[in-house]
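Q: Let me give you the structure first, and then I'll get to my questions.
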Amino acid sequence: MKGKSLYTMFSEALSSEEKAIKYFEKMRWDGKIVSPFDPTSKVYKCGNGKYKCKNTGRYFDVKTGTPLANTKLPMTKWLLAMFLFQADKGGISSCQLARILEITQKSAWHMLMKIREFAAKANVNNSKLSGEVEIDETFVGGKNKNRHKDKKVEKCQGRSYKDKVPVFGILERDGKVIAKVVPNTQCKTLVPIIKECVEEGSVVYTDGWDYNGLHGKYEQRSVDHESHFYGTTYATEFGEIIMVSTNGIENVWSHFDRMMLGTYIRVSKKHLQKYIDEFIFRFNTRNFTDSQRFNLLLRNVA
Numbered sequence: 028m029k030g031k032s033l034y035t036m037f038s039e040a041l042s043s044e045e046k047a048i049k050y051f052e053k054m055r056w057d058g059k060i061v062s063p064f065d066p067t068s069k070v071y072k073c074g075n076g077k078y079k080c081k082n083t084g085r086y087f088d089v090k091t092g093t094p095l096a097n098t099k100l101p102m103t104k105w106l107l108a109m110f111l112f113q114a115d116k117g118g119i120s121s122c123q124l125a126r127i128l129e130i131t132q133k134s135a136w137h138m139l140m141k142i143r144e145f146a147a148k149a150n151v152n153n154s155k156l157s158g159e160v161e162i163d164e165t166f167v168g169g170k171n172k173n174r175h176k177d178k179k180v181e182k183c184q185g186r187s188y189k190d191k192v193p194v195f196g197i198l199e200r201d202g203k204v205i206a207k208v209v210p211n212t213q214c215k216t217l218v219p220i221i222k223e224c225v226e227e228g229s230v231v232y233t234d235g236w237d238y239n240g241l242h243g244k245y246e247q248r249s250v251d252h253e254s255h256f257y258g259t260t261y262a263t264e265f266g267e268i269i270m271v272s273t274n275g276i277e278n279v280w281s282h283f284d285r286m287m288l289g290t291y292i293r294v295s296k297k298h299l300q301k302y303i304d305e306f307i308f309r310f311n312t313r314n315f316t317d318s319q320r321f322n323l324l325l326r327n328v329a
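Counting from 1 along the sequence shown, just add 27 to a position and that's the residue number in my numbering.
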């Protein structure tokens with residue numbers, strides 16, 4: 028089914044606070060209101076968007092039991108913030124969101140951090156990646172050559188990342204991506220993540236780095252970056268010639284870099300994983316319409 032247009036969706040959901048609450052109720056309960064205090068209880072409808080749980084005698088609304096329970100901001104602003112968050116593949120800064128919603132930058136920043144938590148919930152998937160997967164690392168931080176002379180860091184080339192934060196990514200070809208901030212890029216750190224996220228027997232495409240521990244459980248094929256070709260040719264035991272590359276995961280990192288450099292510019296190590304979760308949410312739902320992605324985000328609020 029074709030998704031609703033931006034104008035149609037917001038004319039329905041955001042024209043008033045009452046309509047915004049009704050839209051959220053639809054995403055959370057889908058017509059069957061459930062008490063957060065006793066799911067088996069009968070529920071009475073009261074005025075002003077309130078409901079009463081018969082078994083406990085307690086009142087609640089659609090936000091009760093969700094991360095938005097104590098918010099002082101209206102639902103119209105929350106829904107608009109969530110839509111803008113997921114609609115632009117480059118993300119939205121807290122300064123820009125503050126101007127649109129007419130709130131302080133500090134409030135907008137806290138809203139975005141909370142929405143990133145909702146996106147992280149949507150990313151959770153117990154199924155493992157399988158088939159052909161590509162793995163690679165990226166390093167988040169400014170380039171040493173662009174720093175002032177007294178700010179340059181010595182001996183920080185290649186995998187020496189004294190001034191950067193390593194991020195490890197796994198891409199299922201034509202599928203989803205998983206990415207995590209890691210303390211280092213040593214095999215003892217990365218291999219357990221691969222075993223946790225990738226089914227045994229899968230074909231794993233890597234760069235020239237030797238991931239000890241994959242042998243016997245996965246078929247590892249490595250790219251020779253010194254080759255003059257765009258990848259590496261690989262002959263299987265059946266005589267077929269396969270082009271080995273990690274272009275897919277490298278393309279993921281290029282999109283991630285554009286989001287970070289173009290919108291957020293500078294992110295602390297403490298919060299970096301949340302920004303990665305934001306990027307993964309949009310990347311893994313890249314074939315969704317805006318309304319489908321928006322509704323998925325709303326459902327994960329609850």
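Note that the Cβ used here is the ideal one computed from N, Cα and C, for glycine as well.
Here the structure is a predicted model, which is why all the values come from computation and not from measurement.
1) On the CB-based measure, 16 or more other CB atoms within 10 Å of its CB, does L104 come out buried or exposed?
2) Can you have a look at P219 and say buried or exposed, based on whether 16 or more other CB atoms are within 10 angstroms of its CB?
3) List in chain order: all unbroken alpha helix (DSSP H) runs of 4+ residues lying wholly within the region 216-255.
4) Report the rounded CA-to-CA distance for K90 versus I307, giving the unit in angstroms.
5) Measure how close the beta-carbons of L124 and A146 come, nearest whole angstrom, since I'm counting them as under 8 Å.
6) Return the CA-CA distance between I142 and Y291, expressed in angstroms with no decimal places.
7) Once DSSP output is grouped into helix, strand and coil, what is the label at L288?
8) When DSSP labels each residue in this structure, what does L198 get in the three-state scheme?
9) Does the distance from the CB of G196 to the CB of T165 come in under 9 Å?
10) Going residue by residue through the region 89-151, where are the continuous beta strand (DSSP E) segments of at least 3 residues, counting only ones entirely within it?
11) Just to confirm before moving on: does the CB-CB distance between M287 and V167 stay below 9 Å?
12) What's the C-alpha gap between E44 and D304?
13) Helix, strand or coil for A47? Go by DSSP, reduced to three states.
A: Short version:
1) Position 77 of the sequence shown, counting from 1, holds the residue named residue 104. It is Lys, not Leu, that sits at residue 104 in the sequence shown. By the Cβ-count criterion, K104 is buried, with 16 or more other Cβ atoms from all chains shown falling within 10 Å of its own Cβ.
2) As a first step, residue 219 must be located in the sequence shown, where it is residue number 192. Here P219 is exposed, its C-beta having fewer than 16 other C-beta atoms within 10 Å.
3) DSSP runs (the alpha helix (DSSP H)) wholly in the region 216-255: none.
4) Taking the sequence shown and counting its residues from 1, the one referred to as residue 90 is at position 63. Taking the sequence shown and counting its residues from 1, the one referred to as residue 307 is at position 280. So the two alpha carbons sit approximately 26 Å from each other.
5) Residue numbering aside, residue 124 sits at position 97 when the sequence shown is read from its first letter. Residue numbering aside, residue 146 sits at position 119 when the sequence shown is read from its first letter. With a Cβ gap of about 15 Å, L124 and A146 do not count as contacting.
6) The sequence position of residue 142 within the sequence shown is 115, counting from 1. The sequence position of residue 291 within the sequence shown is 264, counting from 1. The alpha-carbon separation between I142 and Y291 amounts to approximately 16 Å.
7) On the sequence shown, residue 288 is found 261 positions in, with the first residue counted as 1. Looking at L288 - three-state DSSP - the assignment turns out to be helix.
8) As a first step, residue 198 is located in the sequence shown; it is residue number 171 there, counting from the start. L198 falls in the strand class under three-state DSSP.
9) Position 169 of the sequence shown, counted from the first residue, corresponds to residue 196. Position 138 of the sequence shown, counted from the first residue, corresponds to residue 165. Yes, these two residues count as a Cβ contact at 9 Å.
10) If only uninterrupted beta strand (DSSP E) runs of at least 3 residues are considered, none is enclosed by the region 89-151.
11) Sequence index remark: in the sequence shown, residue 287 carries index 260 (1-based). Sequence index remark: in the sequence shown, residue 167 carries index 140 (1-based). Contact annotation: M287 and V167 have beta-carbon atoms nearer than 9 Å.
12) Position 17 of the sequence shown, counted from the first residue, corresponds to residue 44. Position 277 of the sequence shown, counted from the first residue, corresponds to residue 304. Going from the Cα of E44 to the Cα of D304 covers about 29 Å.
13) By 1-based counting over the sequence shown, the position of residue 47 is 20. Helix.
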